[in-house]
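All remarks here apply to the structure that follows.
Now the structure itself:
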């Protein structure tokens, strides 16, 4: 069975949207990525860190999804990373209210021995030095390394970010981040500029407007499924990344044609994530629902034109 190594935060979130608010709930990039990737036939492991305040039931949830948690360090006397955010009415913009790094401040990732040969590595949003450290620990060269990052690291750790970008095959960022990283407004020009930094594939996420995949001169666009209600967009990008990397790991095919399918699988799973607060919808989701919505995606994008 193929292996997917996931690196990122396992955390607490407190979220407020126009539809309501939560107290501290399960969150973190690696959590969303892991739950999303669990819908594929593969072995996955999370490398992260939590404090002694992190409930056993959350760890049990991950193991129940066949996710190896031996790479999640538990600092008994420490507190888990915490983020709180307030979404505006359009749900596309948000204010960060609280960021408490806690145990994440001194995190030194340790890749489990039996995942140092993972075929696919998904570097979730973390400090670029942590992402690089994970690649340094791999004993065989992965077939595919996918990196997710954000504008925060472009602002405060750009040299380190550029170093790790040189080492990856795929970068996934949103449109605003693509423009910041490249200095180009046109997303086509932005992708071309980002290619020169190292990645062979550039995925630009556009939220409710879908996602673009660039590979040299080739471009693929996947729409987002029109939804009646978007409840909470937290974790949607990570869920997308988990679906994309999980599908690629399962299929053992890193071609551009197959990545198109990966984009659709990622978009499909992300469309469920936004229907409830936090990870709630991903926890209750079943395979029949996933397949049914995949058929909706196919119907949405299929047409016949005689040329």
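Numbering (the working numbering), first residue to last: 9 to 315. Beta carbons: idealized from backbone N, C-alpha and C, even for Gly.
Whole-angstrom distance between residue j and residue i, CA atom to CA atom
{"i": "residue 41", "j": "residue 248", "result": "8 Å"}
{"i": "residue 190", "j": "residue 198", "result": "5 Å"}
{"i": "residue 121", "j": "residue 203", "result": "32 Å"}
{"i": "residue 325", "j": "residue 113", "result": "Nothing can be reported for residue 325, as the shown portion of the chain is limited to 9 through 315."}
{"i": "residue 57", "j": "residue 109", "result": "11 Å"}
{"i": "residue 262", "j": "residue 315", "result": "30 Å"}
{"i": "residue 274", "j": "residue 211", "result": "11 Å"}
{"i": "residue 148", "j": "residue 125", "result": "5 Å"}
{"i": "residue 258", "j": "residue 105", "result": "38 Å"}
{"i": "residue 169", "j": "residue 139", "result": "9 Å"}
{"i": "residue 254", "j": "residue 312", "result": "30 Å"}
{"i": "residue 278", "j": "residue 301", "result": "11 Å"}
{"i": "residue 226", "j": "residue 233", "result": "23 Å"}
{"i": "residue 205", "j": "residue 95", "result": "32 Å"}
{"i": "residue 37", "j": "residue 91", "result": "11 Å"}
{"i": "residue 250", "j": "residue 16", "result": "11 Å"}
{"i": "residue 309", "j": "residue 185", "result": "27 Å"}
{"i": "residue 213", "j": "residue 98", "result": "17 Å"}
Inter-residue CB distance, residue i and residue j (contact presumed, cutoff 8 Å)
{"i": "residue 55", "j": "residue 128", "result": "Not a contact, Cβ separation roughly 14 Å."}
{"i": "residue 221", "j": "residue 209", "result": "7 Å"}
{"i": "residue 20", "j": "residue 32", "result": "4 Å"}
{"i": "residue 52", "j": "residue 44", "result": "Incorrect: roughly 10 Å between the Cβ atoms, too far for contact."}
{"i": "residue 119", "j": "residue 83", "result": "That pair is no contact at about 18 Å."}
{"i": "residue 8", "j": "residue 131", "result": "Residue 8 is absent from the model: the chain starts at 9 and stops at 315."}
Check: residue i C-beta below 8 Å from any heavy atom of the ligand SAM
{"i": "residue 302", "result": "Within the structure as shown, the ligand SAM is missing, as the structure has no ligands at all."}
Selection from the options that minimises the alpha carbon distance to residue i
{"i": "residue 34", "options": "27, 47 and 69", "result": "69"}
{"i": "residue 151", "options": "307, 313, 11 and 285", "result": "11"}
{"i": "residue 229", "options": "192, 267 and 73", "result": "267"}
{"i": "residue 288", "options": "39, 255, 96 and 98", "result": "39"}
{"i": "residue 164", "options": "183, 188 and 179", "result": "188"}
{"i": "residue 100", "options": "251, 312 and 244", "result": "244"}
{"i": "residue 81", "options": "91, 9 and 61", "result": "61"}
{"i": "residue 25", "options": "134, 103 and 213", "result": "103"}
{"i": "residue 48", "options": "73, 18 and 59", "result": "73"}
{"i": "residue 66", "options": "50, 18 and 308", "result": "18"}
{"i": "residue 116", "options": "107, 123 and 134", "result": "134"}
{"i": "residue 88", "options": "107, 304, 213 and 76", "result": "107"}
{"i": "residue 182", "options": "200, 166, 159 and 167", "result": "159"}
{"i": "residue 271", "options": "286, 93, 63 and 154", "result": "154"}
{"i": "residue 319", "options": "27, 179 and 162", "result": "It is not possible to answer for residue 319, since the shown part of the chain is limited to 9 through 315."}
Neighbour flag for residue i against chain B, beta carbons, 9 Å
{"i": "residue 239", "result": "The question asks about chain B, but that chain is absent: this structure has only one protein chain."}
Cross-strand partners of residue i (DSSP beta bridge)
{"i": "residue 35", "result": "19"}
{"i": "residue 107", "result": "91"}
{"i": "residue 96", "result": "Looking at the DSSP assignment, residue 96 forms no beta bridge with any residue, so it has no partner."}
{"i": "residue 312", "result": "Note: residue 312 sits in no beta bridge, so no partner."}
Determine, using beta-carbon pairs with one atom in the stretch 141 to 156 and one in the stretch 175 to 188, whether at least three such pairs fall under 8 Å.
With a cut-off of 8 Å, the stretch 175 to 188 and the stretch 141 to 156 count as touching, because enough Cβ pairs lie within range.
With three or more beta-carbon pairs closer than 8 Å as the criterion, would you say the stretch 276 to 285 touches the stretch 232 to 246?
Contact between the stretch 276 to 285 and the stretch 232 to 246 is present, because at least three Cβ pairs lie under 8 Å.
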